[in-house]
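A.B. asks: Below is one structure. I have some questions about it.
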Amino acid sequence: MNNVIKYILISIVILLLQVLVLNNLNIKGYAIPFLYLWIILRLPASMSRILTITIGFLIGLTVDIFSNTLGMHAMATTLFAYLKDPVTLLYIPKEDIKNSAISIAGLGIAVYLKLLLTMVLIFCISIYIIEAFSFVNVFILLIKIFTSFLSTFILILAFDKLNLVNKNI
Amino acid sequence: MRKLLQFLIKRFPFLIFLLYAVISIVLLVRNNPYHQSVYFSSSNNFVGSIYSFSSNVFGYFGLREVNQTLLARTGQLEQQLQALREQLRANEYELIETKNQIYREKIKSKSQEKAVKPKPNVNILQGALIMGETMPVPGADSLENKENEIWETQYEFIMAQVINNNISHYENYITLNKGERDGIKPLMGIIGHNGIVGIVTTVGPKYSVAISLLNTKLRLSAKIKESEYFGSLVWKGNDSRYAVLEELPLHVHFEIGDTIVTSGYSAAFPPGLMIGTVEDVADNKNDNFYALKIRLAAEFARLSDVQVIVNKEQEEQLEIEGKAKK
Chain A
37 MNNVIKYILI
47 SIVILLLQVL
57 VLNNLNIKGY
67 AIPFLYLWII
77 LRLPASMSRI
87 LTITIGFLIG
97 LTVDIFSNTL
107 GMHAMATTLF
117 AYLKDPVTLL
127 YIPKEDIKNS
137 AISIAGLGIA
147 VYLKLLLTMV
157 LIFCISIYII
167 EAFSFVNVFI
177 LLIKIFTSFL
187 STFILILAFD
197 KLNLVNKNI
Chain B
-11 MRKLLQFLIK
-1 RFPFLIFLLY
9 AVISIVLLVR
19 NNPYHQSVYF
29 SSSNNFVGSI
39 YSFSSNVFGY
49 FGLREVNQTL
59 LARTGQLEQQ
69 LQALREQLRA
79 NEYELIETKN
89 QIYREKIKSK
99 SQEKAVKPKP
109 NVNILQGALI
119 MGETMPVPGA
129 DSLENKENEI
139 WETQYEFIMA
149 QVINNNISHY
159 ENYITLNKGE
169 RDGIKPLMGI
179 IGHNGIVGIV
189 TTVGPKYSVA
199 ISLLNTKLRL
209 SAKIKESEYF
219 GSLVWKGNDS
229 RYAVLEELPL
239 HVHFEIGDTI
249 VTSGYSAAFP
259 PGLMIGTVED
269 VADNKNDNFY
279 ALKIRLAAEF
289 ARLSDVQVIV
299 NKEQEEQLEI
309 EGKAKK
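Residue numbers (my numbering), protein chains in the order written: chain A, 37 to 205; chain B, -11 to 314.
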């Protein structure tokens, strides 16, 4: 129980950090690190998928309201939350999935890195395609996807290394 | 029936995903900058107060630069004031001169007509003129005065602080710490220290959201200051320092470095406000018009204090324009 409260508090801090600092960071005008993906990624695999998707949607909507981009983050995080379980299944057998937390300690560094890479890449591609919807400049789009992917990946890894949350929640 | 239920239960996560996806897409498609909901934008009280708090904390970091721009701006205004004063003084002498001329002629004609003795009030008049006091002369400068009066009475300014500002999206918005309570209404223009910044779109009770000039959905009518030809200013979504002035007729003369100002055709901005300078000729898909690359005067990467323009006759103008469109 203690861990759940801790998780919620950390989630709030991450969301504030995202909307107040990271969203305005835009390194070189392109990259935005989406640290808040950590919140959805860290949801235990044993949780019902419906709840995971709902939480994903609500978190996306919160970020949207803060940055006046209604629907953009919500769409991308819903997709992210929906694909989380299928992508996890690609890397670990179904029997293990219920017991292990989605973290370096729970999955081992190799599997975790693969999972993180796939998920963040999916998210960055989807969010920029949603944003560009009617506005296409392929070269800038690719730069934005790549730089945001890289910075998000590094930031989430660094955040994981802080070990703020107990291994198994 | 049972099979259908089983199918639904098995597919339930997908259905939920579909539901949220549809909601998001509806929100995305309906997201019109001028019809945003107060509750689902950063103009609502909760989001506004969080941004307000954070700008209170982070606002100190940029103070040095803000100070410098303010000082530069003060210097500029001081110079302008001095120039205007001198002009005014020169005009005043001219005015007194013409008045003197008129009175002298009057006196001459009157003294010629009557030829007996000058009326007593002539002396007083002459005395007043020698003292340099201004007398009302009908028709001499009333037109100019009237124009100034319109400027003074039609527009007012409300000072506001930018508490959130983004430049990384294609559609960027600015959050201000003033709202309905302070007299802010949608479609009011916003100017920064150096140039125009955006137009207010959504107004909450204490905070408001404005569409930034750096928003691909905003088109603003602008003109070249020297030639009075106008085009339409849009941002292309890549560099926060440059925008493009499109739909400029091919016969227009311009030079690199020319000033671009507001045209005054939209009710949000009075004519003649600084937007930026011509940097280059931009690539253009349409051969019948020029497109110019404009270096924006306002520094969007660091906006702090801005002024919201209250146009007292805006409602009337919009009403008439609305009627004309019907």
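Positions of the beta carbon are idealized from the N, C-alpha and C atoms, including for glycine.
For I248 of chain B, write down the residues that DSSP places opposite it in a beta bridge.
C.D. replies: Here residue 248 of chain B refers to the residue found at position 260 when the second sequence is read from its first residue. Answer is B:I212 and B:G264, bridged to I248 of chain B.
A.B. asks: Taking Cβ-Cβ distances shorter than 7 Å, what residues in chain B pair up with L178 of chain A?
C.D. replies: On the first sequence, position 142 is the one that residue 178 of chain A refers to. Correct list: empty, because the minimum Cβ distance to chain B is about 13 Å.
A.B. asks: At 3 residues or longer, what runs of the beta strand (DSSP E) sit wholly inside the region 92 to 171 of chain A?
C.D. replies: Complete beta strand (DSSP E) runs here, min 3: none at all.
A.B. asks: Within 8 Å, do at least three Cβ pairs link the region 116 to 124 of chain A to the region 45 to 58 of chain B?
C.D. replies: no
A.B. asks: Is I158 of chain A near the ligand SAH, going by C-beta to nearest heavy atom under 7 Å?
C.D. replies: Looking at this structure, you won't find the ligand SAH or any other ligand, since it has none at all.
A.B. asks: Take E234 of chain B as the anchor and find which of B:A210, B:S254, B:S215 and B:N226 has the nearest alpha-carbon.
C.D. replies: If you number the second sequence from 1, residue 234 of chain B lands on position 246. Answer by Cα proximity: B:A210.
A.B. asks: Kindly list the residues whose CB is nearer than 6 Å to the CB of G167 of chain B, restricted to its own chain and excluding five residues on each side of it in sequence; keep chain order.
C.D. replies: Counting from one through the second sequence, the residue named residue 167 of chain B turns up at place 179. Correct list, in chain order: V191, G192, P193, K194, Y195 and S196.
A.B. asks: Using a Cβ cut-off of 8 Å (strictly closer), state whether S220 of chain B contacts chain A.
C.D. replies: On the second sequence, position 232 is the one that residue 220 of chain B refers to. Chain A, which has no Cβ nearer than 8 Å to the Cβ of S220 of chain B, makes this no.
A.B. asks: Name the chain A residues that come within less than 9 Å of F49 of chain B, Cβ to Cβ?
C.D. replies: Residue numbering aside, residue 49 of chain B sits at position 61 when the second sequence is read from its first letter. Within 9 Å Cβ-Cβ: nothing; F49 of chain B doesn't reach chain A, min ~12 Å.
A.B. asks: Which residues in the same chain as G219 of chain B place their Cβ atom closer than 7 Å to its Cβ, once the five residues preceding and following it in sequence are excluded?
C.D. replies: Position 231 of the second sequence, counted from the first residue, corresponds to residue 219 of chain B. Residues A210, L233, E234, E235 and L236 of the same chain have their beta carbon placed closer than 7 Å to that of G219 of chain B, with the five preceding and five following residues left out of the count.
A.B. asks: For the region 63 to 100 of chain B, which segments carrying the alpha helix (DSSP H) assignment without a break, of at least 4 residues, lie completely within its bounds, in sequence order?
C.D. replies: You should have found no qualifying run.
A.B. asks: Could you spell out where the alpha helix (DSSP H) holding N39 of chain A opens and where it closes?
C.D. replies: Taking the first residue of the first sequence as position 1, residue 39 of chain A is located at position 3. Note, N39 of chain A: alpha helix (DSSP H), N38 to L56.
A.B. asks: So which residues of chain A does A9 of chain B contact, with C-beta pairs closer than 7 Å?
C.D. replies: In the second sequence, residue 9 of chain B corresponds to position 21, counting from 1. For A9 of chain B, the neighbours in chain A by C-beta distance under 7 Å run, in chain order, M111 and T114.
A.B. asks: Would you say E182 of chain A lies against chain B (beta-carbon separation less than 8 Å)?
C.D. replies: Against the first sequence, residue 182 of chain A aligns to sequence position 146. Before going further, note that residue 182 of chain A is Phe rather than Glu in the sequence given. Residue-level contact check: F182 of chain A does not touch chain B, since none of the beta carbons of chain B fall below 8 Å from its beta carbon.
A.B. asks: From the DSSP secondary-structure annotation, give me the bridge partner or partners of E234 of chain B.
C.D. replies: Mapped onto the second sequence, residue 234 of chain B falls at position 246. According to DSSP, which records beta bridges pairwise, E234 of chain B is partnered with B:S220.
A.B. asks: Counting Cβ pairs, one atom from each stretch, are 3 or more of them under 8 Å apart for the region 56 to 63 of chain B and the region 168 to 187 of chain B?
C.D. replies: yes
A.B. asks: What residues from chain B crowd round I86 of chain A, counting only those whose CB sits closer than 8 Å?
C.D. replies: Here residue 86 of chain A is taken as the residue at index 50 of the first sequence, counted from 1. Within chain B, the residues near I86 of chain A are F0, P1 and I4.
A.B. asks: For the structure I just gave you, are there three or more beta carbon pairs, one from the region 178 to 191 of chain A and one from the region 65 to 83 of chain A, closer than 8 Å?
C.D. replies: yes
A.B. asks: From S47 of chain A to L71 of chain A, what does the alpha carbon distance come to, in whole angstroms?
C.D. replies: The residue given as residue 47 of chain A occupies position 11 in the first sequence. The residue given as residue 71 of chain A occupies position 35 in the first sequence. S47 of chain A and L71 of chain A: Cα-Cα distance of roughly 10 Å.
A.B. asks: Identify each residue in the region 32 to 49 of chain B for which the Cβ-Cβ distance to at least one residue of chain A is less than 7 Å, and report them in chain order.
C.D. replies: V35 and S42
A.B. asks: Are the C-beta atoms of M108 of chain A and some chain B residue less than 8 Å apart?
C.D. replies: Looking up residue 108 of chain A in the first sequence gives position 72. Judged by the 8 Å Cβ criterion, M108 of chain A is in contact with chain B.
A.B. asks: In or out: G186 of chain B buried (at least 16 other Cβ within 10 Å) or exposed?
C.D. replies: Working through the second sequence from its first residue, we reach residue 186 of chain B at position 198. Buried, because 16 or more other Cβ atoms sit within 10 Å of the Cβ of G186 of chain B.
A.B. asks: For N299 of chain B, name the three-state secondary structure that DSSP assigns.
C.D. replies: Position 311 of the second sequence holds residue 299 of chain B. Per DSSP, reduced to three states, the secondary structure at N299 of chain B is strand.
A.B. asks: Does the contact criterion of 3 or more C-beta pairs under 8 Å hold for the region 130 to 141 of chain A versus the region 90 to 110 of chain A?
C.D. replies: no
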